[in-house]
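Using this note's numbering, the first residue of the sequence shown is number 1483, and each one after it goes up by one.
Let me begin by presenting the structure, written as structure tokens, before commenting on it.
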Amino acid sequence: MYHDARVSVSQDFKEPLSSLDMHVHIQDFAESPEQSRLALDGFLRALTGFCFERDVFTGDSVDLDTFVVLASVFCFGSRWFAAGGAKSSTGEFHAESLSDSRGDDYVQMLTMTGRFQFAQFNKDDAFEGTLLDIPYQDPRRSLAIFVPAPSSNLAALEKNLNAAVILTSLGRLEHRGLVEVTLPRMKVKCLTDLKHYLPPMGVVDAFTDSADFVNMARIVGLRVSAAKHLAVFRAGHRGPKTAVAEAVANEHLHALCRL
1483 MYHDARVSVS QDFKEPLSSL DMHVHIQDFA ESPEQSRLAL DGFLRALTGF CFERDVFTGD
1543 SVDLDTFVVL ASVFCFGSRW FAAGGAKSST GEFHAESLSD SRGDDYVQML TMTGRFQFAQ
1603 FNKDDAFEGT LLDIPYQDPR RSLAIFVPAP SSNLAALEKN LNAAVILTSL GRLEHRGLVE
1663 VTLPRMKVKC LTDLKHYLPP MGVVDAFTDS ADFVNMARIV GLRVSAAKHL AVFRAGHRGP
1723 KTAVAEAVAN EHLHALCRL
């Protein structure tokens, strides 16, 4: 959260935030709106590894009258599998339909063979395809990949996926076998203007003069001027050679040797 120097945030408001992963910064929007915007912009872009272009917060969202700016940042920076486990190659991405004019693209790919959990689904299920679960270096986390069947397509798969279907599908992960996985090195990013999406969800007053933030600070006209959510997902080539990473790599190697 960024607030203007004119806003004296109450201690009662700050204390509950101390237990959360939330940071409060002070900017002088009233005296230096553009400099404050650039500082805010640069800091948030740095947190995401500069995945986003300049002007995350455009000039019209931060001005002399700005009191409060909210920003949330989510970065999932994963390096594929265990250290040294993934092999780099180049693969071809094909357009899904003949009407797609983009054609084929050659992209950097990662390939690894290992024993992974998977589940298969047919036409009697919510979707036709395969679900593959790939563990990361931290065993508490994994990447779930939904792959459409040859008789289906990605659009049909996406249409049928919802929270209930995803949870049910994950519950059916029971088979474990030797699988060769090939995926592109990927970096997915999304910048969401919460000021556009929150009002339809019922958060209306926060962005208007009707806002009531008296528990935060007793100042007339206190409201949220801008709110953005930055999300980044990365899958790199090779993880750091830590003890945990080496253990996971050796586990996969021993599994292959047992076969």
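Positions of the beta carbon are idealized from the N, C-alpha and C atoms, including for glycine.
Residue 1522 versus residue 1490: straight-line alpha-carbon distance, rounded: 19 Å
Through-space distance from residue 1655 to residue 1500, alpha-carbon basis: 39 Å
CB-CB length for residue 1598 against residue 1615, believed under 8 Å: 6 Å
Best match in 1487, 1534 and 1632 for proximity to residue 1671 [C-alpha to C-alpha]: By alpha-carbon distance to residue 1671, the top candidate from 1487, 1534 and 1632 is 1534.
C-beta contact flag for residue 1712 and residue 1550 at 7 Å: Not a contact, by the Cβ cut-off of 7 Å.
Rounded straight-line distance, which links the Cα of residue 1488 to that of residue 1705: 13 Å
Closer than 6 Å: residue 1632 CB and nearest the ligand PLP heavy atom: Among the components modelled here there is no ligand, and therefore nothing to report on the ligand PLP.
Extent of the continuous alpha helix (DSSP H) run through residue 1648: 1645 to 1652
Residues near residue 1611 by beta carbon distance below 7 Å, same chain, minus five either side: So the list reads 1603, 1628, 1629, 1630, 1631, 1634 and 1639, once near-sequence residues are dropped.
Separation of residue 1680 from residue 1710, as counted between CA atoms: 11 Å
Run of the beta strand (DSSP E) containing residue 1624, from where it starts to where it stops: Boundaries of the beta strand (DSSP E) harbouring residue 1624: 1624 to 1630, taken from the DSSP string.
With 16 other Cβ atoms within 10 Å as the buried cut-off, status of residue 1707: buried
Same chain, Cβ closer than 7 Å to residue 1675, five either side skipped, listed in chain order: 1710
Beta-carbon spacing of residue 1716, residue 1677 below 7 Å: Residue 1677 is positioned such that its CB atom lies no closer than 7 Å to that of residue 1716.
Residue 1515 to residue 1617 span [Cα, whole Å]: The alpha-carbon of residue 1515 is positioned some 45 Å away from that of residue 1617.
Close Cβ partners of residue 1508 (< 7 Å) along its chain, the five nearest in sequence each way excluded: 1485 and 1487
Residues bridged to residue 1616 [DSSP beta-bridge criterion]: 1625
Rounded C-alpha distance that separates residue 1749 from residue 1699: Any question about residue 1749 goes unanswered here, given that the chain covers just 1483 to 1741.
Residue 1641 burial status per 10 Å Cβ neighbour count (16 or more: buried): exposed
Length of the line joining the Cα atoms of residue 1659 and residue 1600: 8 Å
Burial state of residue 1553 (16 or more Cβ within 10 Å): With at least 16 other beta carbons inside 10 angstroms of its own, residue 1553 counts as buried.
Opposing strand residues paired with residue 1674 [DSSP bridges]: 1711
Per-residue burial, residue 1536 [other beta carbons within 10 Å of its own, 16 or more giving buried]: With fewer than 16 other Cβ atoms within 10 Å, it is exposed.
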